[in-house]
Ligand code: FE2
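Have a look at this one:
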């Protein structure tokens, strides 16, 4: 991807109303932000694809997005009371994510940018989760724990980028819970009244069974745990006990990785982001860990912990403030765009200021 820096520091004119488009997995979201306002969210429109059976089928999800994109875009603009011409930039999540879904968002963004001659700002979806989290929780320089259906990641800002301190080597934590629930008949739906069905079932468990621990060095691996848990289910072990064990093994693994990152980097905050972090039991574990290491726990509000267009718009505005844009013809999707491949120039400055205050 060819990126352009169009401005030098201090040259950028008054900032900025940015529209952001999210379409990496199941949500087509359009957000509009005005970074000069305290109430910076001008619009937040979304449509979520939820299959009746099974997991996300990328092409089905993409079709759903293509069908809903005009409606979501229109409702975001109405909510923001803005015309596209009045926007300063269009931001779009170009990865990581599911190819067919990413292409829908990228096509809409390229079209708007080209037709209305607006700067197009490329945004990494994982970076966007972190940035909106920092904005909304008031965190300064946290260890970030990003847990969702597609991501399991522990990262921290070090020398210009969010460096990965641990990640899953196979499936994501949310995926582990959803697939297990599906295979044993607990879901879908996977979340009932804000609690995952595996979490709810685990509450009735009494005994921790023998399942493999899943930390590999500084990373985690969940697929072996899933297979072993399903094997126990087929053997007729009590489902409640399997859920309890699964939860303990999986949650403890990410807490352990985050704790080591905290100690290693010397940071004083842990920020939880992503759909899985809605789990009260997971939070409880993180609270205990943070207390142990004298760190503060920040949890992103549920509405913005999941995928949304606002986080893309907000991160797009930060990137645009540093003059980062991409020519329309180069705005291609990157399904495996890692968080640590992205320079974060806006945070260098914020980070330096923060260190001075410390
Ligand atoms: Fe996400």
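In the numbering used here, the protein residues as written are 7 to 364. Ideal Cβ positions, reconstructed from N, Cα and C, are used throughout, including at glycine.
If you run the structure through DSSP and keep just helix, strand and coil, what is residue i?
i	result
residue 163	strand
residue 383	No answer is possible for residue 383: the residues shown for the chain start at 7 and end at 364.
residue 5	As shown, the chain starts at 7 and ends at 364. That puts residue 5 outside it, with no answer to give.
residue 186	helix
residue 62	coil
residue 299	coil
residue 203	helix
residue 30	coil
residue 119	helix
residue 152	strand
residue 324	helix
residue 346	helix
Using the rule of at least 16 other Cβ atoms within 10 Å of the residue's Cβ for burial, across every protein chain shown, is residue i buried or exposed?
i	result
residue 56	exposed
residue 45	exposed
residue 184	buried
residue 30	buried
residue 265	buried
residue 270	exposed
residue 211	buried
residue 83	buried
residue 58	exposed
residue 33	buried
Looking at ligand 1, does it come within less than 8 angstroms of residue i, judged from the CB to the closest heavy atom?
i	result
residue 251	no
residue 50	no
residue 284	no
residue 98	no
residue 154	yes
residue 5	The requested residue 5 is not part of the displayed model; the chain covers only 7 to 364.
residue 181	no
residue 280	yes
residue 30	yes
residue 130	no
residue 202	no
residue 135	yes
residue 157	yes
Beta-carbon within less than 8 angstroms of residue i's beta-carbon, same chain only, minus the 5 sequence neighbours each way: which residues are those?
i	result
residue 144	304
residue 352	324, 325, 327, 328
residue 283	151, 153, 289, 305, 306, 311
Within the same chain, show all residues whose beta-carbon is closer than 7 angstroms to that of residue i, passing over the 5 residues directly before and after it, in chain order.
i	result
residue 280	135, 152, 153, 154, 157, 311
residue 81	51
residue 64	104, 105, 106, 107
residue 112	98, 100, 337, 339
residue 179	153, 158, 228, 256, 260, 282
Suppose the cutoff is 6 angstroms on Cβ atoms and the five residues either side in sequence are ignored; what does the same chain contact list for residue i look like?
i	result
residue 26	37, 97, 315, 318, 319, 322
residue 74	34, 53
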